[in-house]
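Asker: Going by our numbering, the residue at position 2 of the sequence shown is 580; the numbering climbs one at a time, nothing skipped. Glycine included, each C-beta is placed from N, C-alpha and C at the ideal position.
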Amino acid sequence: MTEWIGTANQSYSPYAIEELRRIIDGVTFSQLAAGEVFLMNSPLEREETLQAVHQREPIFLRHIQAVDRTVEITGDAEDMEQLSTVVRSASQQFAGKRTAVHIRRAHGTAFIHSASETKAVIDAVLAEVGAEPVVQQPETIIAIYAAASTLYIGFGSPQDMLSDWPGGAVRFQREEGQVSRAKFKLLEAERAFGLHYEQFRRALDVGAAPGGWTSLLLERGLRVTAVDPAELHPSIVDHPALTYLKRNASEIKLKPGSFDLFVCDMSWSPMLMSRLVLDLEAALAEEATAIITIKLMHRKPMQTIREVIVKLESVFELKKAKQLFHNREEITLYLQKK
Ligand SMILES: C[S@@+](CC[C@H](N)C(=O)[O-])C[C@H]1O[C@@H](n2cnc3c(N)ncnc32)[C@H](O)[C@@H]1O
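1. Closer than 7 Å to a non-hydrogen atom of ligand 1 - does that hold for the CB of Met880?
2. By a C-beta neighbour count over all protein chains shown, 10 Å radius and 16 as the cutoff for buried, is Gly674 buried or exposed?
3. How far does the beta strand (DSSP E) with His632 in it extend, from its first residue to its last?
4. Is Pro812 near ligand 1, with its Cβ less than 7 Å from a heavy atom?
5. On the DSSP bridge list, what partners appear for Leu850?
6. Suppose the cutoff is 6 Å on Cβ atoms and the five residues either side in sequence are ignored; what does the same chain contact list for Phe778 look like?
7. Under the criterion of a Cβ to heavy atom distance below 7 Å, does Leu796 qualify as lining ligand 1?
8. In angstroms, rounded to a whole number, what distance separates the CA positions of Ala688 and Lys873?
9. Just tell me which of Trp846, Thr871, Glu754 has its CA closest to the CA of Ser813.
10. Nearest chain B C-beta to Val703 closer than 8 Å, yes or no?
11. DSSP three-state label for Arg676, please.
12. Could you say if the region 713-721 and the region 762-781 meet the contact criterion of at least three C-beta pairs nearer than 8 Å?
13. Between Pro598 and Leu628, is the Cβ-Cβ spacing less than 8 Å?
14. Tell me the rounded alpha-carbon separation between Ile637 and Gln901.
15. For the beta strand (DSSP E) that contains Gly734, what are its first and last residues?
16. Consult DSSP for Ala594 and reduce its assignment to one of helix, strand or coil.
17. Look up Ser620 in the DSSP assignment and give the residues it is bridged to.
18. Quick check on Ala863: does DSSP put it in helix, strand or coil?
19. Roughly how many angstroms separate the alpha carbons of Lys758 and Tyr590, rounded to a whole number?
20. Under 8 Å Cβ to Cβ from Asp646, same chain only, skipping five residues before and after it: list those, please.
21. Can you tell me whether Val757 sits near ligand 1, meaning its C-beta is under 7 Å from at least one heavy atom of the ligand?
22. Over what stretch of residues does the alpha helix (DSSP H) that includes Phe689 continue unbroken?
23. Could you name the residues that DSSP lists as bridge partners for Gln671?
24. Which same chain residues, not among the five before or five after Glu859, have their C-beta less than 8 Å away from its C-beta?
25. Glu709: beta carbon under 7 Å from a heavy atom of ligand 1?
26. Whose C-beta lies closer than 6 Å to the C-beta of Ser620 among residues of the same chain, with five residues either side of it excluded?
27. Fully enclosed by the region 782-856, which alpha helix (DSSP H) runs are 4 residues long or longer?
28. Check Ile642 in the structure and name its three-state DSSP category.
29. Please report the distance separating the alpha-carbon of Thr696 from that of Phe750.
30. For the pair the region 874-881 and the region 819-837, tell me if three or more CB-CB distances fall below 8 Å.
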């Protein structure tokens with residue numbers, strides 16, 4: 579029997595729970611933060627639970643951490659001492675390793691210390707036990723979730739936790755003159771799916787306006803054909819590597835086999851989007867990579883996703899489906915043309 583904390587995007591935890599129920603027999607759940615963070619009791623051991631989660635990674639599970647230790651919060655300085663003792667007593671797990679400390683505080687927690695204050699104290703303990711406190715590219719993570727009256731502490735690798743960001747909340751720096759926030763979705767997809775956009779040559783971006791995704795692909799040196807009846811941002815519209823088709827995607831004709839990357843962020847009815855994607859399929863080269871968002875329009879996201887995947891699988895192999903942190907009422911598919 580092992581205990582875990584799971585996290586999904588706001589209001590999507592019921593779907594993450596539904597998926598986990600399907601992959602682990604006999605799991606039970608209780609809520610920690612409404613619609614978002616939950617406690618999971620797995621009848622399996624740690625490694626078996628992780629294996630189950632990784633084999634069929636739930637679309638809506640953004641982050642998972644084991645609960646290795648708990649500390650009852652007293653609401654005074656003693657909590658920090660207890661936390662330090664817990665980390666010190668597990669020191670053999672961190673010695674010589676790049677170790678990050680991730681702290682999340684639930685709304686209304688009795689834990690009085692801020693995340694940065696807590697991190698500073700734990701980092702000092704880590705240095706004392708011969709670990710290397712880091713922020714980026716950790717080998718191991720100490721994840722601390724401060725709930726109402728309990729600190730849940732878990733140790734694991736970024737792979738175990740499905741993310742190297744606290745709670746899977748990936749943050750990117752907003753740039754001066756950034757065309758749209760949507761750019762973050764494509765950046766996060768690149769990390770989540772282990773892609774390197776600069777390795778592609780020609781991209782087709784359908785539903786491209788105002789042009790966040792197109793601007794990212796242009797920055798990476800790709801030639802981009804952007805399709806959208808709406809206006810592209812003036813800062814990219816004259817880019818020499820851009821072809822802008824200011825039209826509905828159903829009206830365009832493209833040369834067969836010309837694109838090795840297809841991206842589509844139409845926020846449109848999932849079924850119409852799938853049909854449109856299949857109509858454009860001939861324009862993609864064999865084994866072309868596709869990144870597509872699916873808008874979750876009604877109350878049955880799992881069914882919508884299944885239907886879209888079944889349709890797209892006539893032409894594509896599904897590599898991964900994930901609700902990314904930057905996805906709102908949608909998920910992102912990573913596919914490869916067969
Ligand atoms: C969420 S926005 C895309 C944002 C874009 N990824 C970015 O980074 O700026 C959705 C876009 O899809 C476009 N769209 C919807 N249906 C379309 C269609 N049938 N053909 C082409 N574009 C379409 C809309 O005009 C809208 O600009």
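Answerer: To lay it out plainly:
1. no
2. exposed
3. Annotation: His632 is outside any beta strand (DSSP E); the continuous alpha helix (DSSP H) that includes it extends over 624-633.
4. no
5. Note: Leu850 sits in no beta bridge, so no partner.
6. These residues qualify, in order along the chain: Leu800, Asp838, Leu839.
7. no
8. Spanning the two alpha carbons is a distance of roughly 38 Å.
9. Glu754
10. Protein chain content of the structure displayed is limited to a single chain, and chain B is not contained in it.
11. strand
12. The region 713-721 vs the region 762-781: no contact.
13. For the sequence presented, residue 598 should be read as Leu rather than Pro. No, the Cβ-Cβ distance between Leu598 and Leu628 is not below 8 Å.
14. Those two C-alpha atoms are separated by around 6 Å.
15. 728-734
16. helix
17. Thr580
18. strand
19. Per the sequence presented here, residue 758 reads as Ser, with Lys not at that position. Distance between the alpha carbons of Ser758 and Tyr590 is about 24 Å.
20. Taken in chain order, the residues that qualify are Ala668, Ile731, Gly732, Phe733.
21. Ligand 1 has a heavy atom closer than 7 Å to the beta-carbon of Val757.
22. Careful: Phe689 lies outside any alpha helix (DSSP H) and carries neither H nor E.
23. Beta-bridge partners of Gln671 (DSSP): none assigned.
24. Same-chain partners within the cutoff: Val893, Lys915.
25. The question names Glu, but residue 709 in the sequence shown is Ala. No, since every heavy atom of ligand 1 falls outside the 7 Å radius drawn around the Cβ of Ala709.
26. Thr580, Ile602, Val605, Thr627
27. 790-797, 812-815
28. strand
29. 23 Å
30. no
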